[in-house]
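S.K.: First, the structure itself, so that you have it in front of you.
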Amino acid sequence: MNEKQTANETSAACKEGSGGVIDVAVIGAGPAGLTAGLYAARAGLEAVLFERIAPGGQLAQTEHMENYPGFPDGSNGFELAFAMKQHADRFGVNHVGEEVSSVDFTQNPKVLRTAFGEYRAKSVIIATGARPRKLGLDLEEELQGRGVSYCATCDGSFFRGKSVMVVGGGNTAAADAIYLSRICEKVYLVHRRDKLRATAIYHKRLEDLPNVEFVWNAVPRKLVADEGALAGVRIEMLETGEERDIAVNGLFVAVGTEPNTEFLDDALTLDETGYIVADETGTTEVPGVYAAGDVRTKVLRQVVTAVADGALCAEEAAEYLAI
Ligand SMILES: Cc1cc2nc3c(=O)[nH]c(=O)nc-3n(C[C@H](O)[C@H](O)[C@H](O)COP(=O)(O)OP(=O)(O)OC[C@H]3O[C@@H](n4cnc5c(N)ncnc54)[C@H](O)[C@@H]3O)c2cc1C
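Residue numbers (the UniProt record's numbering): 1 to 323.
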């Protein structure tokens, strides 16, 4: 296959029954998957990336990133994701725009299933990333896109000049509150403890912002809607049990992420929170199957660690295929 081949041609060529067996199937085209594809293709392997939405993953939702090396003025996540895709494409990575719904790693070649058919691959790199955790409140789903958001940089501008709430205490919540303070009239930062878990640098910056109000020892209990849009959030003050209604148009939920591993069923061992158990090279318990990026057990889930994982997994897959 060559880089000019279309996704459909790739799809037809690799499907079960057509005789095609992919060297390296990469599930997920975020930073980890795109890098894995790039490294595999540069190693002379046929690499096929399966992506259910659009290449870029969470990176494509990140407006401004300050911690990816080589960009002293920061980088735009969407542009960086696009450049990563172009880079992978230049070396002949193929794309299949389908969601992998199940896998069978008990046979060789390994089998990937989508709504459109079955694919077979000699090795598989799982790079399906993670998604934001929800609060689990009534109306949360209905109000998503109508006030409830999981991505401040994506949706913040819809709340220009309005009052919003950020829930969470980690780096994402802190960064979201800082970002929103530039756009919104007022930002409530609600956290279940009495101090943030976020890196110290965020604390000082937040304390200096006049339109950010910390609401400590509190959790959201109820979403209040008006004419189909969020109008406020009822919070419970954990120390006293009192309830407080805060009128906001936007609620930004930043309480962590969950791995996209449901499609694996019991094909691989997952840790207690659902992340794939894999070592620093991405090697899992199944020979020829690797896990890269946010989806695997690791200490730091960032773009820089995701791309490093992608490179390592492709190298491991190349070594496995050379055996
Ligand atoms: C709002 C926000 C801000 C962030 N800011 C920063 C930052 O400033 N600096 C930083 O370093 N990191 C930041 N991150 C984290 C960073 O984006 C992630 O660590 C990184 O994108 C992880 O890359 P990944 O490739 O492992 O997974 P992801 O980026 O999650 O990509 C996984 C891809 O797999 C696809 N997929 C999932 N399941 C399937 C399936 N079954 N079949 C096919 N495709 C599938 C998804 O659609 C997705 O495209 C931020 C994240 C968010 C959400």
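Every residue gets a Cβ at the ideal spot worked out from N, C-alpha and C, and that includes glycine.
For the beta strand (DSSP E) that contains I53, what are its first and last residues?
M.R.: What you label residue 53 is simply residue 53 of the sequence shown in a count that begins at 1. Per DSSP, I53 lies in no beta strand (DSSP E) and is assigned neither H nor E.
S.K.: Hey, out of G56, V26, A306, whose CA is closest to K85's CA?
M.R.: Against the sequence shown, residue 85 aligns to sequence position 85. Of the candidates G56, V26, A306, the one whose C-alpha sits nearest the C-alpha of K85 is G56.
S.K.: Identify, in the order they occur along the chain, each residue of the same chain with its Cβ nearer than 6 Å to the Cβ of L238, setting aside the five sequence neighbours on each side.
M.R.: Counting from one through the sequence shown, the residue named residue 238 turns up at place 238. Cβ within range, chain order: N217.
S.K.: Decide if V93 is buried, meaning its Cβ has at least 16 other Cβ atoms within 10 Å, or exposed.
M.R.: Taking the first residue of the sequence shown as 1, we reach residue 93 at position 93. When all chains shown are included, V93 counts as buried.
S.K.: So does I53 have its beta carbon nearer than 7 Å to some heavy atom of ligand 1?
M.R.: Within the sequence shown, residue 53 is the residue found at index 53, counting from 1. It does: the Cβ of I53 is within 7 Å (strictly closer) of some heavy atom of ligand 1.
S.K.: Between which two residues does the beta strand (DSSP E) carrying E46 extend?
M.R.: For the purposes of this step, residue 46 is identified with residue 46 of the sequence shown, where counting begins at 1. That residue, E46, is in no beta strand (DSSP E); it is neither H nor E in DSSP.
S.K.: List the DSSP bridge partners of F252.
M.R.: Locating residue 252 in the sequence shown gives position 252, where the first residue counts as 1. Partner(s): S149, V166.
S.K.: For the region 56 to 73 against the region 290 to 303, do three or more pairs of beta-carbon atoms, one drawn from each stretch, fall closer than 8 Å, so that the two count as touching?
M.R.: yes
S.K.: What's the C-alpha gap between V166 and A198?
M.R.: Residue 166 sits at position 166 when you count from the first residue of the sequence shown. Residue 198 sits at position 198 when you count from the first residue of the sequence shown. The alpha-carbon atoms of V166 and A198 are separated by roughly 14 Å.
S.K.: Hey, is V100 close to ligand 1, as in C-beta under 7 Å from one of its heavy atoms?
M.R.: Taking the sequence shown and counting its residues from 1, the one referred to as residue 100 is at position 100. For ligand 1, at least one heavy atom lies less than 7 Å from the Cβ of V100.
S.K.: Would a C-beta distance cut-off of 8 Å place Y39 and G310 closer than the cut-off?
M.R.: Taking the first residue of the sequence shown as position 1, residue 39 is located at position 39. Taking the first residue of the sequence shown as position 1, residue 310 is located at position 310. Yes.
S.K.: With N171 as the anchor, note down where its alpha helix (DSSP H) starts and where it stops.
M.R.: As a first step, residue 171 must be located in the sequence shown, where it is residue number 171. Note, N171: alpha helix (DSSP H), 171 to 181.
S.K.: If you draw a straight line from the C-alpha of L223 to the C-alpha of P259, how long is it?
M.R.: Within the sequence shown, residue 223 is the residue found at index 223, counting from 1. Within the sequence shown, residue 259 is the residue found at index 259, counting from 1. So the alpha carbons of these two residues sit roughly 26 Å apart.
S.K.: For T240, count neighbouring Cβ atoms within 10 angstroms of its own Cβ and tell me buried if that reaches 16, exposed if not.
M.R.: What you label residue 240 is simply residue 240 of the sequence shown in a count that begins at 1. T240 is exposed by the Cβ-count criterion.
S.K.: Return the Cβ separation of Y188 and V248 in integer angstroms, given the expectation that the two are a contact with Cβ distance under 8 Å.
M.R.: What you label residue 188 is simply residue 188 of the sequence shown in a count that begins at 1. What you label residue 248 is simply residue 248 of the sequence shown in a count that begins at 1. In this structure Y188 touches V248 by the C-beta definition: roughly 7 Å separates them, less than 8 Å.
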